[in-house]
Amino acid sequence: MDVAFAADDLERLEVDFSFNAGFDAAVVRSYRKLLQIIRDAPDERVFYALKSLHFEKLKGKRAHQRSMRLNIQWRLILEIVERSEKTVVIISIEDYH
Numbered sequence: 007m008d009v010a011f012a013a014d015d016l017e018r019l020e021v022d023f024s025f026n027a028g029f030d031a032a033v034v035r036s037y038r039k040l041l042q043i044i045r046d047a048p049d050e051r052v053f054y055a056l057k058s059l060h061f062e063k064l065k066g067k068r069a070h071q072r073s074m075r076l077n078i079q080w081r082l083i084l085e086i087v088e089r090s091e092k093t094v095v096i097i098s099i100e101d102y103h
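Heads up: the sequence shown runs through residues 7 to 103, numbered per the numbering used here.
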């Protein structure tokens, strides 16, 4: 899957190992691990099969989005968009509390 980022800091967070974007080390580590899984996945069925990802469809006005847990507080928000023979995942991080 191709990945697009909702914010420039998130792209930098993936590749710059000295940058933490204000998150603690455990959240950054989880973020980088999940991005590797997302980039390697052929489609979203892989995410549902891996129960440890806690891949969930959101409700209400966010019904077009999905989430994965980074830790108890932070969620990786995914918006899956089909674009001319490619699936693009738009990534953001949000605090659920």
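Glycine is no exception: its CB is placed at the ideal position from the N, C-alpha and C atoms.
Predicted, not measured: the structure shown is a model, and the values here were computed from it.
Just the C-alpha distance for residue i and residue j, rounded to the nearest angstrom, thanks.
i: I97; j: N26; result: 16 Å
i: D14; j: K67; result: 25 Å
i: H70; j: Q79; result: 21 Å
i: Y37; j: E20; result: 8 Å
i: V33; j: R75; result: 10 Å
i: Y54; j: A31; result: 26 Å
i: L56; j: K65; result: 21 Å
i: R18; j: A10; result: 12 Å
i: Y102; j: F29; result: 14 Å
i: V95; j: I86; result: 5 Å
i: V52; j: D46; result: 10 Å
i: S90; j: E100; result: 28 Å
Could you tell me whether the Cβ atoms of residue i and residue j are closer together than 7 Å?
i: S73; j: E88; result: no
i: I43; j: M7; result: no
i: L84; j: L40; result: no
Taking residue i and residue j to be in contact with their CB atoms under 8 Å, please state how far apart those CB atoms are, rounded to whole angstroms.
i: D22; j: T93; result: That pair is no contact at about 26 Å.
Taking all protein chains shown into account, decide if residue i is buried (16 or more other Cβ within 10 angstroms of its Cβ) or exposed.
i: D59; result: According to the sequence displayed, residue 59 carries Leu and not Asp. Classification for L59: buried.
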